[in-house]
Structure formats: C-alpha cells, structure tokens
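A.B. asks: Dropping a structure here in structure tokens format, bear with me for questions.
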Amino acid sequence: MEDLILGAYFTSLLVLFLFGSHSFVMIYFYYKHQQWKPRADDGQEFEPVVTIQLPIFNELYVVERLIDAVCDIDYPKDKLEIQVLDDSTDETVERVERLVQEKREQGFDIVHLHRSNREGYKAGALREGLKETRGDFIAIFDADFVPRPEFLRKTLPYFTNPKIGMVQTRWEHLNSDYSLLTRAQAMALDGHFVVEQQVRNKAGFFINFNGTAGIWRKDCIIDAGNWEDDTLTEDLDLSYRAQLRGWKFVFLNDVTSPAELPSEINALKSQQFRWTKGAMETARKILPRVWKSNLPLRIKLQSTVHLTNNLVFPFILLAGILNVPLIFIKQDGTHNTYFAFMSIFVLAFIGSFLFYLYSQKDVYMDWRRRIFLFPIFMAGSMGFSVNNTRAVLSGIFGRKKSEFVRTPKFRIESEKDGWKGKKYTGTDSKIPKGVFVEIFLAVYCFFGVVASIYFLEIAALPFQLLFFFGFSLVGWMSIQHARLSRVYAA
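Residue numbers (the working numbering): 63 to 552.
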C-alpha cells in the first residue's frame, strides 16, 4: 500500500511540476519580447461598418449600464449597428425593449433580437445574430462589461492588416476590491491576460478570444465555420479553428475593458465549472486537428499546454488527499531518498509565484501589497479543486451536453453594493454538489496539519495548511452564500 501511495503521489507531483514549470517558459518569453508591441496603422483613416453584439440572458441589474456604455462608444452612428441578443425569460425583456426604443430615438441603429428558446445558448444567439449583421467587424460584450468610449478607435486600426481576424483587449475589474473572493479572481485573471495572453501573442503562439471585450473580422468567423455550440467554451473553440485556418490574432494589454467579477462563490463555481469543462471539451475536439496540421512543433506543444492546463485540478486534489498519509509513511525512515528527491517539485510552486508576481507588477503601482494575496489565492485554487475536477472529468469522459449556466450579475461596483436580497440569488440557492466533500477534506487536512506539527514535519506544514484553509474557506463560503440566498429569497 505504501508503494501505491508513493507512486500516486509522485505521479501527481510530476504532472503539477510539468504544468507549473511552464510558468518559467512564460516568464522567459515575457522578458524576451518585453519591448515588442503589436503595430497598428494609426495614420490611415479606417471607419468600416461595425456591429456590436450584446448576448444577454436575464440581466436585469446590468443591461442598462451595458447599453449606455456601448452607445457612448466614440464612433459615427451611421457606421455602428448594435444588436441586443436577448434570450431572457424575465422582466429584462421589457427593460431592453424600453432602452432600445430610447436609443433609437437618439439616432442609434440598435435592434432587440429576442429568442423564445435558448437553442445553442450563447453560441446560438451569436450565430443567429450574425445572419442579420450589416457590419464587416463584430465586437462582442457580455452583460457584465462596461466598454470604454475609445474601444473601437483603439482596436480597429489593427484590421488594416487583412490577415488579422480578431483583436482582444485586457479585462479590467470594476469591483476587484469588493471582497477577498473578488481580489483572488482579479489575480487569477491578471495572470491569464497580462502574462499568458500577452506572451503567447508576442511569441507567435495561439491565443484565444475570451468571449467578450474583443472584436472579430466577420469574414474570419465565417471562414472558420461560424459559432458552434458543441462545447461550453464556444470562444476558445472558434479561436483555434480560425487560427488553424491561418488567421492572426492580436492581444492588446494596454487597452482595457472593465467588467464586474462574481461576488457570490456559488456563481463563481458555476462559471469555473463551465470554463473548465468547456476547455477540456475543446481540447478533445481541437487537439487532434492541431497535431495533424503543419504548424511548427513549438506551437503544437504550446497549444496542448494551453488547452489542457486544467488537468492540474485532479492532481491537486490527489496530492491534497495523499499529503496526510505521507506524513505517517515518512516516519518509518525507509523512504528518505524518495522524500529528498521530491523536494525539487517545490520549484513549480516558485514558478507559479513568479508568474503572478510579474502579472501584478506589470499593471499595478501597488503590486507589492497585492502580491501578499498569493498564499490565499493558492489556497483558494486548492479549495476549488473538487469543483474543477468534476468539470475536467465531465469534459473528458462526458458525452452529455451541459446547460450553459449564466453567471448572475448584480451591478457590484463598490463595497457599499451587495447581492443579498436581489433577484437571481434565490434561483440556485441549494448547497452545490461537492461542498460536503470540501468540508470533509477540510477536516481531513486538519489532521494533516496536526500530524505535521506532532512529528515536526515543518517542511510539509505550509502545504498542509494551504489545503486545510483552501477546502475550509471554499466549503464554508459555499454554505454561507447558499444560506444567505435562501434567507433573502424567502
């Protein structure tokens, strides 16, 4: 049994080491291409007809903010079309009708396209809307975004290059300081955009449209096969299909689009499940095409890491479970060489720290303060491993299509705002699947903490504490937020 546990633990750490070490690759390219910036032809007059698509579903609190912001974008009205792609089933429909009528009276070309079914979910709405667009370029914003007035002026010049199919802007956060939960999300997203997206784009690797806050060339969408709804991440899927067709993408780190982060943990879990499962579905669908293509090996390898990096979650969970018996196995003194060798895997943890350090340093003046959040962020990532492991396994082995579950938005922009008592909080107030597993693992890992202290395994103690606090925090918040949702919905 000891050999089985040691072998499984070695396997889990090896996988985590391989993916974690990729952070060093990202940091290398970050420095190598630090001075390079994408070029745009700012001197050329370029004002094509643009369609802005706004896919929404039951967005009572934020739809007005979204439509107002889009109508404030600096662009000639006669060359701007706005589509509100509305799958709503509540009073959002009436509110959108009123807003659209008001904007029409102000001279905007804006239409309200309401579907009575959610066939294809977001991908289906975008596909249906595309049939009726008059723009040559298609910008897309989700309901939680507040695009800046200069969005089109900053992105369109890159399309003077006929090879450019999509331009993605960096997400900024309206409510990152609202709570510990939103701060941790901001750090995760900053790492993705500031390091991953920027570095991959500069180094010539594939990147992806992030589902919102970007703009497409319409011909690129059509050439790549249009939006497909056979995965939960239609944005990632279309991005790879387009780049496999030879289209080039641009990521603009210096052009930002503010958005609201989920402030309720069960909504965040639902979002993470969708993103994680969708990424694995896309990997299953797209990676065979990537490896059959004539792309350089380095792009094939990077694409594989990009599409499969969520595989870390089952191995994080496995490592957390095996950490506890390893404390006792080590006491017999017969595996000292094994444990000494395993210490090299700490390097992957260092790589992850540097990865997020550079993402904070790149965009924040107070990065020194922000990076102190890293241990809590890591603990949260470990706590989310139960939720995301379910998503990984469902994405790999599941053949049943999952419902595209929207993430509720409540117009949380400052600390005085709140989600409690608002519509949508009581619609999914049951304690989510996996919470009792998280609570059990928190208690289980507490014994690992106690054992580490008892046997003076000081080197193991930080990791035991991270798993304990991670499962405790995520499990407790999940129960607390579900309880508050029920109380205020009653």
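Glycine included, every Cβ here is placed at the ideal spot set by N, Cα and C.
Distance check for residue 213 and residue 220, CA to CA, integer angstroms please.
C.D. replies: 12 Å
A.B. asks: Since residue 143 and residue 113 are thought to touch, with beta carbons under 8 Å apart, how far apart are those beta carbons, to the nearest angstrom?
C.D. replies: Taking a contact as a CB-CB distance under 8 Å, the pair residue 143 and residue 113 counts as one, their CB atoms being some 4 Å apart.
A.B. asks: Specify the secondary structure class of residue 261 as computed by DSSP and reduced to three states.
C.D. replies: helix
A.B. asks: Flag this pair as yes or no: are the beta carbons of residue 311 and residue 272 separated by less than 8 Å?
C.D. replies: no
A.B. asks: Restricting to Cα atoms, I'd like to know which of 495, 70, 533 is closest to residue 506.
C.D. replies: 533
A.B. asks: Does the structure place the stretch 89-106 close enough to the stretch 120-136 that three or more beta carbon pairs sit under 8 Å?
C.D. replies: no
A.B. asks: Report the option in 493, 135, 521, 182 whose CA atom is closest to the CA atom of residue 541.
C.D. replies: 493
A.B. asks: Given that a residue counts as buried once 16 or more other Cβ atoms are within 10 Å of its Cβ, and exposed if not, what is residue 558?
C.D. replies: For the chain, the structure presents residues 63 to 552; residue 558 sits outside this window and is missing.
A.B. asks: Could you check whether the Cβ of residue 334 sits closer than 8 Å to any Cβ belonging to chain B?
C.D. replies: The structure shown contains no chain B; it is built from a single protein chain.
A.B. asks: Cα separation between residue 551 and residue 246?
C.D. replies: With a pLDDT of only 46 at residue 551, under the threshold of 50, the placement of this residue in the model should not be trusted, and no figure is reported.
A.B. asks: Can you name the start and end residues of the beta strand (DSSP E) that residue 310 belongs to?
C.D. replies: 310-321
A.B. asks: Return the CA-CA distance between residue 362 and residue 79, expressed in angstroms with no decimal places.
C.D. replies: 20 Å
A.B. asks: Check the DSSP bridge columns for residue 117 and list the partner residues they point to.
C.D. replies: Residue 117 is bridged to 147.
A.B. asks: Going by DSSP in three states, residue 473 sits in which element: helix, strand or coil?
C.D. replies: In the structure shown, the three-state DSSP call for residue 473 is coil.
A.B. asks: Just reading off the alpha helix (DSSP H) that residue 361 is part of, what are its end residues?
C.D. replies: Its alpha helix (DSSP H) spans residues 359-370.
A.B. asks: Please report the distance separating the alpha-carbon of residue 276 from that of residue 185.
C.D. replies: Each residue's alpha carbon lies about 15 Å from the other.
A.B. asks: Which same chain residues end up closer than 6 Å to residue 232 when comparing Cβ atoms and leaving out the 5 residues on each side of it in sequence?
C.D. replies: 255, 315, 318
A.B. asks: On the DSSP bridge assignment, give the partners of residue 175 in chain order.
C.D. replies: 147
A.B. asks: When we look at the beta-carbon of residue 390 and count the other beta-carbons within 10 Å, is it buried (16 or more) or exposed?
C.D. replies: exposed
A.B. asks: Which whole-angstrom value describes the C-beta separation of residue 612 and residue 340, a residue pair presumed to lie in contact below a C-beta threshold of 8 Å?
C.D. replies: With the chain represented from 63 up to 552, any question about residue 612 goes unanswered, as that position is not in the structure.
A.B. asks: Which residues in the same chain as residue 321 place their Cβ atom closer than 6 Å to its Cβ, once the five residues preceding and following it in sequence are excluded?
C.D. replies: 206, 207, 233
A.B. asks: Going by DSSP in three states, residue 468 sits in which element: helix, strand or coil?
C.D. replies: coil
A.B. asks: For residue 410, collect the residues of the same chain with a Cβ closer than 7 Å to its Cβ; drop the 5 residues on either side in sequence, then sort them by chain order.
C.D. replies: Around residue 410, the same chain offers 78, 79, 82, 83 as residues with beta carbons nearer than 7 Å, after the five sequence neighbours per side are excluded.
A.B. asks: Can you tell me which of 136, 196, 292 puts its alpha carbon nearest to the alpha carbon of residue 462?
C.D. replies: Taking the Cα of residue 462 as reference, the smallest distance to any Cα among 136, 196, 292 is reached at 292.
A.B. asks: With DSSP as the reference, label residue 408 as helix, strand or coil.
C.D. replies: When secondary structure is reduced to three states using DSSP, residue 408 falls in the helix class.
A.B. asks: Given this structure, state the Cα-to-Cα distance separating residue 516 from residue 392, to the nearest angstrom.
C.D. replies: 13 Å
A.B. asks: I'd like to know if the stretch 117-129 and the stretch 142-157 are in contact, where contact means that at least 3 CB-CB pairs between them fall below 8 Å.
C.D. replies: yes
A.B. asks: Note down, one range per segment and in chain order, each beta strand (DSSP E) of at least 3 residues found wholly within the stretch 194-256.
C.D. replies: Runs of the beta strand (DSSP E) inside the stretch 194-256: 199-202, 226-235.
A.B. asks: On a Cα-Cα basis, can you pick out the residue from 202, 386, 446 that is closest to residue 511?
C.D. replies: 386
A.B. asks: Take residue 538 as the anchor and find which of 509, 526, 502, 522 has the nearest alpha-carbon.
C.D. replies: Nearest option by C-alpha distance: 502.
A.B. asks: Where DSSP assigns a beta bridge to residue 142, which residues make up the other side?
C.D. replies: 112
A.B. asks: If the criterion is Cβ atoms closer than 8 Å, does the pair residue 194 and residue 161 meet it?
C.D. replies: It is not a contact, given that the beta carbons lie outside the stated cut-off.
A.B. asks: Here's the rule: buried if 16 or more other CB atoms are within 10 angstroms of the residue's CB, otherwise exposed. What is residue 470?
C.D. replies: buried
A.B. asks: From the DSSP output, which residues share a beta bridge with residue 277?
C.D. replies: Residue 277 is bridged by DSSP to 201, 229.
A.B. asks: Relative to the C-alpha of residue 167, which candidate in 139, 453, 190 has its C-alpha closest?
C.D. replies: 139
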